[in-house]
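Presented below is the structure to which this report refers.
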Amino acid sequence: MNHMVERDSENDVPEEMDISEVLTNEVLNVPLMLRETREMPMNTDLVDEVPEGIPIASNDVEMEEDNARPEATFRYAIENFSKSKEQRLSPPCYVRDLPWKIMIMHRVSQDNRSAKPAQPSVGFFLQCNGDSENTSWSVNASAELRVISQKEGIANIERKIQHLFYPKENDWGFSFFMSWDDIIDETKGFIKNDVVIFEVSVTADAPHGVSWDSKKHTGYVGLKNQGATCYMNSLLQALYFTNQLRKAVYKMPTESDDSNKSVALALQRVFHELQFYDKPVGTKKLTKSFGWETLDSFMQHDVQEFLRVLLDKLENKMKGTCVEGTIPKLFEGKMISYINCKNVDYTSKRTETFYDIQLNIKGKKNIYESFKDYIQVEILDGDNRYDAGEYGLQDAEKGVIFASFPPVFYLHLMRFQYDPVTDSSVKFNDRFEFYDKINLDEYLKVKEQTPADYILHAVLVHSGDNHGGHYVVFINPKGDGKWCKFDDDVVSRCPKEEAIEHNFGGNDGDENMMPIKQCTNAYMLVYIRDSELKNVLQEVTINDIPKELVERLQDEKRIETIRRKERNDLHIYTNVQVVLEDCFDSYLGLDLFDLDQSAVRTVKVKKTNTLKEVHKLLADTFKYHSNQIRIWPLITSKHDSLRPTYLDMEANALKTIQDLQDSSATTWNIWLELVEPSMNSLLPFDRNNQSLIFFKLFIPEERLLVYCGYYFVTYETTIDSLMNIMNKRAGFDENTKLAVYKETNKNEVEKITKPEDPICEIMQTSTYGEILIYQKEELIRNYLSVIDHFKNICSQAYVTFCDKLIPNDPGFTLGLPGWTSYPDLLQAVAERVAVDQRKLQIYLSINGQKECPGEPIGYSYGGQIRDLISNNSYGKRYPKKFFYQEMHMPVDELESKKPVKIVWCGPKIKDEREIILYLNKNDGSSAHFYEVLRDSVELSPEGSGQFRTVEIISAKISKWFNPGVRIPEANSSFPSKYYRIEEIPKNEMELSENELLVPVNHFSKEVYSTFGTPFLIKIIHEETLADVKERIVNKTGIPDKELEKYKFAICQGVRATFIPDSHVMNLQDFKTPPTSQGQCNRPWLGMEHPNKTKRTRLNYLEKAIKIYN
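Numbers in our numbering are just positions in the sequence shown, counted from 1, shifted up by 172.
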């Protein structure tokens, strides 16, 4: 039993209780159960009115219909309380289909550090599923534990707990709930007639790891989590219950789409299974259609980003179809960005569309304050006055106002924001209130035809911090206030308070518990316009799904069922791999055949089939009579190769394949002997007097071993008597003298010197087929012998060479003698790939999950190839892998250089790329650095031939260095910082007093959300922005039409002042303020536009969401 620390404070921290003690005495007790009076959105009524007094508990049968309820209050009255000090357990009360019990214990604790006497106390615990043998269940619950007052004017003793119950911690509560003396003192009011009443009110989430039937309890099913895809599951459920969207998704034409790559088809499949399946639905096919690798699926992504990418994908798929325009019709709203001058008649307006908006919650009490903040007017005055063109600098008001709201309104609560102090993303857990019904009329420029009344449809909730966490979603499927909680594969009914109020965030306000900051709170809200509710939530029936789609999905499921059955039947069936004599004939190696290279036939049979049944099946399969085939199982011989062995058909006819097959083998490999075309039946074989011999002819001129058939020989047969047969098989004259060799060990042979001896003496009688190799005796003088050929083959190393610069290059394989020197190896590879041998660099490979290039081999390496590869690569089909690369200079010269990686930017900004400079190891001067750089890059005809170095942090230029200054060493403490070298354009070499170099950075929405490739541009005092844009086009190559979509702003810190094309540039706006030091704090010219490239993330563990297909 765990040692329980006794506490002398009534504000004891709740803890787990060990219940391994055996109950020795049965205590007379009266279990009491209270019916819950609170109204719940369930299909059945959970509770009746609580009768006065202390009610007797309902029995389990009576409560069976309520077992799935989310909460309950039950009592446990113990008689003769003061007379027994044993552990007591109440009868179970079922919540979420799990048994919950009150556990009461008499506790005595002595603090060894104190002189106080031992203080007896009452331990009060809540136990969940205590008798279960299941080791994988869990359920999150909160509860209030009470000792009921039985005296008027005295309040109950109440304390709260919250805990994740699971097998190792299946009870939770307080060792010191009350002093024992206080509870048995009748004057205190908690005991009457020696009866004490304990009460628990418990609220539990739906459990995981047990047979919770979501479909039965809610009518809906969940989505399986692939590891960290709960963010995706939450959003998919919200989109699925947008019924109008679901209906449109079903109608997207996908008849000709690839099942593995079509996002539309995969989403149709998920929606169809969510609608009609009874079990949780998988999303692996959906993420596979996105083109995501496994690692991507296990990454926490941003819900808003995923929503935008997915809706964009669907909108493109719907173009040109009957459902074109569904996405903007449902999700698109419009807002007007404006700047109104106060003292002159000048206004700048731009209308923009949106699919969702981000609401600032920091310092805001509720959703209305956030909307007011969103349309808050910014005053442009003083140094921040607006340039109104011909009117000059003017005091102005800047802001946005909504022109229209969409039928389905996604509100992203900005709980994750950038913290410039830590240069990272942080999560705000502040309390922020939102409501089930809101009106947004006051935020519209002009009221629309119908009121902007919205009903809350979904609440996406995040638990955790900026480094990760868990997402769930609460959905009001029919818009009638009956909420469900979707926690991946588990769906459960829940009260409205749990969906809304419990997700406001902030302190929980309970003074009896530790005041912790809630890390579980709403992250995204989905509202549906009241006037569009019936249309958006219209019923979707089977008739709304195209018949062709239903048939395709059914066919897919039928095929999956067959394949699943095949996988499940693996223990019932086995594969018979059939090798025919053709495999021997086509193999030119040292052995009889290679199972991995041979074209074997596979026949599937039951393991319980008898040999007789399989024999007949094989005869039918290959279209022979039963007496025209013979089965020879292939076993591993003493030469470590597969050879046929005799199987007595009559003696083993009734044995099963399972008995005949090696228990550790997954297949049964056999050679199937077939009758010769000229014969009606096979020749008989006497295993007691005959051996199976195979012949192979060595042709030394071509260094080939050729199969020449097999023969049944008696044990007394001599080699001499076989000479005629071997000559005939080889096509030689019958009197040709032959040198015959036998196998001795693996890949070793020796010449038979006494051909007059019988086979049984030359080759020890074995149960498997032996090979005799022979050649013309006369050719041994001028060519290799069989023995020499075997030695060469066995010492040969098979090496695959792959191009280092080509990903997944299959390469080519060379067979080279093990004593090949490194220069000879270089020559062989150089000839194969047609490059200069001196410029060829060979790399060793690094073994891992995927082989990749390792260390280069020195050009002066004097060893042999056998020293570079492992012994098991000799004579094997599985070659050692090397990588090669053609260098730009001879390798021996290269080895005297030091490689330095830099980022080079060509004449066009988009030409930014990494290059490697090879510097002399003994020359670290800047002059040498730039000399090598000049020879390594292509300079622009319009360039100056001079270089400058630019420091870039988080896609933003922070400083740059004068020509000739050596590039600094990058600091690994700032992974987002790098240095770029570029050629200085001629027009930027010498600047006059009215000219200034200004950094230009791309950003999206927020000033700190920089991305892309920044650059420097020359600005001339009092020229217009239009003039600057013309130079930007020439420098970057951005098309004019694309640049028209960009908004330009003068940015400093986190503030951006947007300017029109007519804005007159003032160099003072871009000079570093007197209070700032260095280039890092100087203002810059910003180009605001959507980030269509891979986004720079604040958390380096995250990747931008992309749907590739």
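For every residue, glycine included, the Cβ atom is placed at its ideal position computed from N, Cα and C.
Taken through DSSP and simplified to helix, strand or coil, G554 comes out as helix.
Taking G361 as the centre and dropping the five residues before and after it, the same chain places the C-beta of S321, Q322, K323 and I326 closer than 7 Å to its C-beta, in chain order. Nearest C-alpha to A791 among P1211, S542 and L844: L844.
Fully contained in the segment 512–573 are the following beta strand (DSSP E) runs of length 3 or more, in chain order: 519–526, 528–531 and 550–552.
Three or more beta-carbon pairs separated by less than 8 Å are not found between the segment 737–746 and the segment 854–863, which leaves the two stretches without contact. For G651 and L977, the gap between their C-alpha atoms comes out near 57 Å. Excluding five sequence positions before and after D613, the CB atoms of its chain that fall closer than 7 Å to its own CB belong to K619, P623 and A624, given in chain order. Non-local beta-carbon contacts of I539 in its own chain, meaning distances under 6 Å to residues more than five positions away in sequence, involve F606 in chain order.
Between D528 and Q476, the CB-CB gap stays under 8 Å.
L846: member of the beta strand (DSSP E) spanning T839 to L846, first to last residue. For Q416, the enclosing alpha helix (DSSP H) covers residues N415 to Y422.
Judged by DSSP in its simplified three-state form, E1065 adopts helix.
When beta bridges are read from the DSSP output, K776 appears opposite N747. With contact defined as three or more Cβ pairs closer than 8 Å, the segment 338–353 and the segment 392–403 are not in contact.
Taking 8 Å as the upper bound for CB-CB distance, V311 and D377 are in contact here, some 6 Å apart.
The Cβ atoms of G535 and E550 lie no closer than 8 Å to each other. A direct Cα-Cα distance of roughly 14 Å separates K706 from N648.
Taken in chain order, the complete beta strand (DSSP E) segments of 3 residues or longer contained in the segment 1104–1189 are 1115–1125, 1128–1133, 1149–1157 and 1167–1175. For M851, there is no enclosing alpha helix (DSSP H), as DSSP marks it with neither H nor E. Below 8 Å, too few C-beta pairs join the segment 900–918 and the segment 788–806 to call them touching: fewer than three. Comparing alpha-carbon positions, the option among T889, I1124 and S664 lying closest to G391 turns out to be S664. When C-alpha distances from E524 are compared across A575, E562 and D812, the shortest belongs to A575. Per DSSP, reduced to three states, the secondary structure at Y615 is helical. Cβ contact annotation for Y883 (same chain, cutoff 6 Å, sequence separation greater than five): I865, in chain order. Ranked by Cα distance from R241, the first of D366, E316 and K388 is K388. The C-beta of P667 has 16 or more other C-beta atoms within 10 Å across all chains shown, which makes the residue buried. Taking K784 as the centre and dropping the five residues before and after it, the same chain places the C-beta of A825 and L826 closer than 7 Å to its C-beta, in chain order.
Contact between I842 and V748 holds: their C-beta atoms lie close to 6 Å from each other, under 8 Å. Taken through DSSP and simplified to helix, strand or coil, L956 comes out as coil. Rounded to the nearest angstrom, the Cβ distance from P1262 to S1176 is 6 Å, consistent with a contact under 8 Å. Between the alpha carbons of N799 and V750 lies a distance of about 17 Å. Here N919 really is in contact with F962; their C-beta atoms are around 6 Å apart, less than 8 Å. Here DSSP, grouped into helix, strand and coil, assigns C494 to coil. The DSSP-derived three-state label of H787 is helix. V1226 counts as exposed, since fewer than 16 other C-beta atoms from the protein chains shown sit within 10 angstroms of its C-beta. Cβ-Cβ distances below 8 Å link T838 to T746 and N747 in the same chain, with the five nearest sequence neighbours on each side left out; the list follows chain order.
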